[in-house]
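Beneath this line is the structure, given in structure tokens, with notes to follow.
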Amino acid sequence: MTAQLIDGTALSRHIRAQIGERAAALAARGRRPGLAVILVGDDPASSVYVRNKVKACADHGLHSVLEKYEATLPQAALLARIEALNADPAIHGILVQMPLPRHIDPHKVIEAIATAKDVDGFSVHSAGNLMTGLPGLRPATPYGCMKLIESTGIDLKGRNAVVIGRSNTVGKPMALLLLQANATVTVCHSATPDLALHTRQADVVVAAVGRRNTLTADMVKPGAVVIDVGMNRNDEGKLCGDVDFAAVREVAGWITPVPGGVGPMTITMLLANTLQAAEGRP
Ligand code: GUN
Numbered sequence: 187m188t189a190q191l192i193d194g195t196a197l198s199r200h201i202r203a204q205i206g207e208r209a210a211a212l213a214a215r216g217r218r219p220g221l222a223v224i225l226v227g228d229d230p231a232s233s234v235y236v237r238n239k240v241k242a243c244a245d246h247g248l249h250s251v252l253e254k255y256e257a258t259l260p261q262a263a264l265l266a267r268i269e270a271l272n273a274d275p276a277i278h279g280i281l282v283q284m285p286l287p288r289h290i291d292p293h294k295v296i297e298a299i300a301t302a303k304d305v306d307g308f309s310v311h312s313a314g315n316l317m318t319g320l321p322g323l324r325p326a327t328p329y330g331c332m333k334l335i336e337s338t339g340i341d342l343k344g345r346n347a348v349v350i351g352r353s354n355t356v357g358k359p360m361a362l363l364l365l366q367a368n369a370t371v372t373v374c375h376s377a378t379p380d381l382a383l384h385t386r387q388a389d390v391v392v393a394a395v396g397r398r399n400t401l402t403a404d405m406v407k408p409g410a411v412v413i414d415v416g417m418n419r420n421d422e423g424k425l426c427g428d429v430d431f432a433a434v435r436e437v438a439g440w441i442t443p444v445p446g447g448v449g450p451m452t453i454t455m456l457l458a459n460t461l462q463a464a465e466g467r468p
């Protein structure tokens, strides 16, 4: 059986259309959702990401400001800018693009952002809200993965889910979101001795390690939902995920492609978070 594709581009378009409508409704009431994006330094990949985020705002009726600073920007100056944006009523979400130059402590920066404007959901407060089941802003990539899983119509209750990767930005929040949806969750990582032992039991696998061919066909339960968060390059320089897509799609029931799976959802959920913040929903 060949897996059904989970089309992140199509789902993104659908959710973004709804966001556009809600943003317009808010704007009509004098509260246009606003996102501030801060880039420190000139990392080429980060420059592309922030440009895409700002463009997505413009495309869907959200206000955005892009602040670019030299890599030598002192940490105190960055913290002062965040303070000013915390107090700016036109800004409902603040995103500082990572990674930051080495002289800046990312934890200090993340914690400086007001919780209500933490649209990345990276702060200790936001992470605590997620862990304790309180409402709050969720990290965009795992939030998008949940939407992709939901789009299959599969109920996660009582299912085995395996997350490969334990980053603060994807793996850990992903595990918590799956747990909240009543899945039985296993988190695997670089020190897991037998990854396949776990993935073969899984009804849902989320691969988020950043290494291609981490999940191969022999490691997948027939019919499983496979979500590929990876963004790697193969030997020909082509974009690929963490999953051996061609082989795994012959075993899985559902699978996200790379590109066109998780990638488009990340910015979509950032927009959703900005809207949520502007609507004043916790
Ligand atoms: N760098 C790579 N991905 C992200 C993200 O989702 N948010 C921020 N702030 N920086 C990133």
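Going by the working numbering, the first residue of the sequence shown is number 187, and it counts up by one from there.
Built from N, CA and C at the ideal position, the CB exists for glycine as well.
The structure presented is a predicted model; accordingly, all values stated were derived computationally and were not measured.
Does the ligand GUN have even one heavy atom less than 7 Å from the beta-carbon of residue i?
i: D306; result: yes
i: V282; result: yes
i: Y329; result: no
i: Y235; result: yes
i: T452; result: yes
i: L458; result: First, the amino acid is wrong: residue 458 is Ala here, not Leu. Every heavy atom of the ligand GUN is 7 Å or more from the Cβ of A458, so no.
i: A326; result: yes
Contact check, residue i vs residue j under 8 Å by CB: the rounded distance?
i: V226; j: P287; result: 6 Å
i: L362; j: L316; result: 5 Å
i: R345; j: V305; result: About 29 Å separates the two Cβ atoms, so there is no contact after all.
i: L221; j: G307; result: Wrong, their Cβ atoms sit about 14 Å apart, outside the cutoff.
Under the rule that 16 or more other beta-carbon atoms within 10 Å means buried, what is residue i, buried or exposed?
i: L383; result: exposed
i: S309; result: buried
i: A257; result: exposed
i: K343; result: exposed
i: Q283; result: buried
i: A263; result: exposed
i: L212; result: buried
i: M187; result: exposed
i: S198; result: buried
i: S376; result: exposed
i: A266; result: exposed
i: K333; result: buried
i: Q387; result: exposed
i: T400; result: buried
i: A463; result: buried
Cβ of residue i less than 8 Å from any chain C Cβ?
i: V234; result: Any reference to chain C falls outside this structure, which holds one protein chain only.
- Can we say the region 192-210 touches the region 220-240, given the rule of at least three CB pairs closer than 8 Å? no
- Message: Closer than 8 Å is the cut-off here; do at least three beta carbon pairs connect the region 444-454 with the region 423-431?
- Response: yes
- Decide if the region 294-303 is in contact with the region 263-273; the criterion is three or more beta carbon pairs, one per stretch, under 8 Å apart. yes
- Task: Spell out a yes or no on whether the region 357-367 and the region 445-465 are touching, meaning 3 or more CB-CB pairs, one atom from each, closer than 8 Å.
- Result: no
- Query: Is the region 326-342 close to the region 360-372, with three or more CB pairs under 8 Å?
  - Reply: yes
- Message: Measuring CB atoms only, is the region 432-440 touching the region 396-408, in the sense that at least three cross pairs come out at less than 8 Å?
- Response: yes
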